[in-house]
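Quick note, the sequence shown lines up with residues -20 to -1, 1 to 167 if you use mature numbering (1 follows the signal peptide of the UniProt record, and there is no 0).
Positions of the beta carbon are idealized from the N, C-alpha and C atoms, including for glycine.
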Amino acid sequence: MLCVNLLLLTCVSIVSIVSAAEPEDWLHTACSGDGVCGPANSQCYEDGCMCAIGFYYSEESRTCLDYWLHTACSGDGVCGPANSQCYEDGCMCAIGFYYSEGSRTCLDSCTDLDTEGYLMYANATINENIVYSNNGTLNECEQIFSQDTKYLSFEFSEGEPCKFHDVAASVSNWEVAGSYLFQKTCV
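This is the structure in structure tokens:
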């Protein structure tokens, strides 16, 4: 306890000053169950303070930000971060931009591909830069896609071979009914 005497005796806890300067201290701290934890959009759960459902913890700002990916949109293009768009009534990264699980943003390049994660774009295709094709099922194509880092995207249409690409987007006509474009995400 730090006390200063300026006509009146004022005591300030050093611990509370330090806590106020470090907003990350609120995450996973014990809470009383009354819902009061830390910044806006945080909530008290059984395990302590966490971001409320529909929000994620941002390491950068140490706050709870809205989880925008796949949320409904009206087609006006307003979704979330830069390089995102309203695609078939859901917010996605624009085709060719990589969704980053770590920063929850859309990146124009990716050096650390996520071998498990990908975004699926319905009624979309690249039609160019085909590196490999396979007459497998969707599950077989997904396995090949996740195991080989040289493939950045693949497309699947029922009754057609899977087409694996070394690009994430192309300037070609990419709207084809019944085709699905799968694009890797970043860690």
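Residue environment, residue i, which counts as buried when at least 16 other CB atoms sit within 10 Å
| i | result |
| --- | --- |
| K130 | exposed |
| L132 | buried |
| H145 | buried |
| T43 | buried |
| E135 | buried |
| G158 | exposed |
| I106 | buried |
| A149 | buried |
Alpha helix (DSSP H) segment containing residue i, residue limits
| i | result |
| --- | --- |
| S126 | 118 to 127 |
Beta-carbon proximity check, residue i vs residue j, cutoff 8 Å
| i | j | result |
| --- | --- | --- |
| C71 | L49 | yes |
| C73 | S54 | no |
| C11 | C31 | no |
| N109 | E155 | no |
| C86 | N63 | yes |
Through-space distance from residue j to residue i, alpha-carbon basis
| i | j | result |
| --- | --- | --- |
| Q123 | N114 | 12 Å |
| L161 | F35 | 27 Å |
| I33 | A20 | 12 Å |
Beta strand (DSSP E) segment containing residue i, residue limits
| i | result |
| --- | --- |
| C71 | 70 to 73 |
| V156 | 155 to 166 |
>> Can you confirm whether the region 75 to 87 touches the region 111 to 128 when touching is taken to mean that 3 or more C-beta pairs between the two stretches lie within less than 8 Å?
In response: no
> Okay, do the region 158 to 166 and the region 94 to 109 touch, 3+ Cβ pairs below 8 Å being the bar?
Replying inline: yes
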